[in-house]
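A short worksheet on the structure shown next.
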Amino acid sequence: MKIICVGRNYIDHAKELGNDVPTEPVIFMKPKSALIQAHTPFYYPEFTNELHYECELVVRICKNGKYIQERHAPNYYNAITVGIDFTARDIQQELKKKGLPWEKAKAFDNSAAIGKFIEMTPAINKKNINFSFLKNDEIVQKGNSGEMIFSIDFLVSHISNYFSLNIGDVIFTGTPAGVGECSVGDVLEALMENESLLKIDVK
Ligand code: ZN
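Take 1 as the starting number for the sequence shown in the numbering used here and just add one per residue.
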């Protein structure tokens with residue numbers, strides 16, 4: 001499987017990091033080794049002094065495809081949840097300054113946390129999914145899929161023009177404003193429609 005991530009998909013978040021609002025999706029990837037395995041502790045990586053959380057909606061691909069048309073995109077994913085795109089922000093800023101790739105800041109071991117998947121049903125309105133993120137029981141991020149610059153269906157279609165999508169791949173669809181630092185001892189929790197789907201202790 002592969003983990004495809006979208007950067008700057010919410011106007012407020014692009015602005016908070018001083019980036020332009022993109023005219024086409026910003027795409028990067030994480031390897032399978034970035035996935036946090038269930039029941040394994042999350043340790044603060046030793047190579048960063050500024051570990052950020054980014055809470056995002058994540059969809060799971062259920063059908064192989066390439067050059068998927070946007071109107072057919074809903075057939076290619078069948079589950080959705082919330083995840084955390086952990087980012088070594090200090091390293092990312094250095095790499096960005098030099099125009100270098102982001103992998104060291106974004107694709108390291110355990111940089112991708114994925115919550116319990118909820119099956120997509122017709123009852124889920126993809127343009128109005130609320131999600132939120134709590135640090136030590138305090139809400140620090142709130143988002144709604146309707147605020148995305150590029151919709152989930154558009155992203156699936158766009159991504160598939162460059163990368164074949166395969167069953168089991170996941171797409172992190174971008175983070176809303178409110179990203180920030182986490183520290184050892186923090187308890188991180190992500191909710192979709194007020195249901196807690198992911199909880200992580202930073203060790
Ligand atoms: Zn992200």
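Cβ coordinates follow ideal geometry from the N, Cα and C atoms, glycine included. Remember, predicted model here, so these are calculated numbers, not experimental data.
(message) Please return the same chain residues whose Cβ sits closer than 7 Å to the Cβ of Y77, not counting the five positions on each side in sequence.
(response) Locating residue 77 in the sequence shown gives position 77, where the first residue counts as 1. The residues are V59, R60, I61, C62, M120 and V156.
(message) Using a Cβ-based criterion (distance less than 7 Å to any ligand heavy atom), does E138 qualify as near the ligand ZN?
(response) Residue mapping note: residue 138 aligns to position 138 of the sequence shown, counting from 1. No, since every heavy atom of the ligand ZN falls outside the 7 Å radius drawn around the Cβ of E138.
(request) Hey, could you find the ends of the beta strand (DSSP E) E103 is sitting in? (result) Taking the first residue of the sequence shown as 1, we reach residue 103 at position 103. Secondary structure note for E103: it is in no beta strand (DSSP E), and the uninterrupted alpha helix (DSSP H) holding it is E103 to K106.
(message) Taking 7 Å as the cut-off, is the C-beta of F172 nearer than that to any heavy atom in the ligand ZN?
(response) Along the sequence shown, one-based indexing puts residue 172 at 172. With a cutoff of 7 Å, F172 counts as near the ligand ZN, since its C-beta is closer than that to a heavy atom of the ligand.
(request) Below 7 Å CB to CB, which residues in the same chain sit around P45 once its five sequence neighbours on both sides are set aside? (result) Taking the first residue of the sequence shown as position 1, residue 45 is located at position 45. Spatial neighbours of P45 in its own chain (CB-CB distance under 7 Å, excluding positions within 5 residues in sequence) are listed in chain order as L51, A88 and F108.
(request) Figure out for me which residue from A105, I27 and I152 has the closest Cα to the Cα of D90. (result) Along the sequence shown, one-based indexing puts residue 90 at 90. Minimum Cα distance to D90 is reached at A105.
(message) Let's test the definition: count the other Cβ atoms within 10 Å of the Cβ of Q209 and tell me whether it reaches 16, buried, or not, exposed.
(response) No answer is possible for residue 209: the residues shown for the chain start at 1 and end at 203.
(message) Nearer than 7 Å: is that true of the beta carbon of E50 relative to any heavy atom of the ligand ZN?
(response) Reading the sequence shown from its first residue, position 50 is the one you call residue 50. No - the ligand ZN has no heavy atom lying nearer than 7 Å to the Cβ of E50.
(message) Just to confirm, is the Cβ distance from T173 to N49 under 8 Å?
(response) Translated into the one-based positions of the sequence shown, residue 173 becomes position 173. Translated into the one-based positions of the sequence shown, residue 49 becomes position 49. Between T173 and N49, the CB-CB gap reaches or exceeds 8 Å.
(request) Kindly give me the distance between the Cβ atoms of F163 and I4, rounded to whole angstroms, as I take these residues to be in contact under 8 Å. (result) Counting from one through the sequence shown, the residue named residue 163 turns up at place 163. Counting from one through the sequence shown, the residue named residue 4 turns up at place 4. That pair is a contact at about 7 Å.
(message) If you measure between the beta carbons of N144 and N125, is that distance less than 8 Å?
(response) Along the sequence shown, read from residue 1 onward, the residue named residue 144 stands at position 144. Along the sequence shown, read from residue 1 onward, the residue named residue 125 stands at position 125. At a Cβ-Cβ threshold of 8 Å, N144 and N125 do not count as neighbours.
(request) Indicate whether Q92 and W102 have their beta-carbon atoms separated by less than 8 Å. (result) Reading the sequence shown from its first residue, position 92 is the one you call residue 92. Reading the sequence shown from its first residue, position 102 is the one you call residue 102. Yes, the Cβ-Cβ distance between Q92 and W102 is below 8 Å.
(message) Quick check on this structure: which residue in N194, V170 and V179 has the alpha carbon closest to the alpha carbon of V140?
(response) Locating residue 140 in the sequence shown gives position 140, where the first residue counts as 1. Nearest option by C-alpha distance: V179.
(message) Just to confirm, is the Cβ distance from K142 to S132 under 8 Å?
(response) Working through the sequence shown from its first residue, we reach residue 142 at position 142. Working through the sequence shown from its first residue, we reach residue 132 at position 132. Annotated as proximal: K142 and S132, with beta-carbon spacing under 8 Å.
(message) Quick check: is any heavy atom of the ligand ZN less than 7 Å from the C-beta of D207?
(response) Missing from the structure shown is residue 207; the chain here goes from 1 to 203 and no further.
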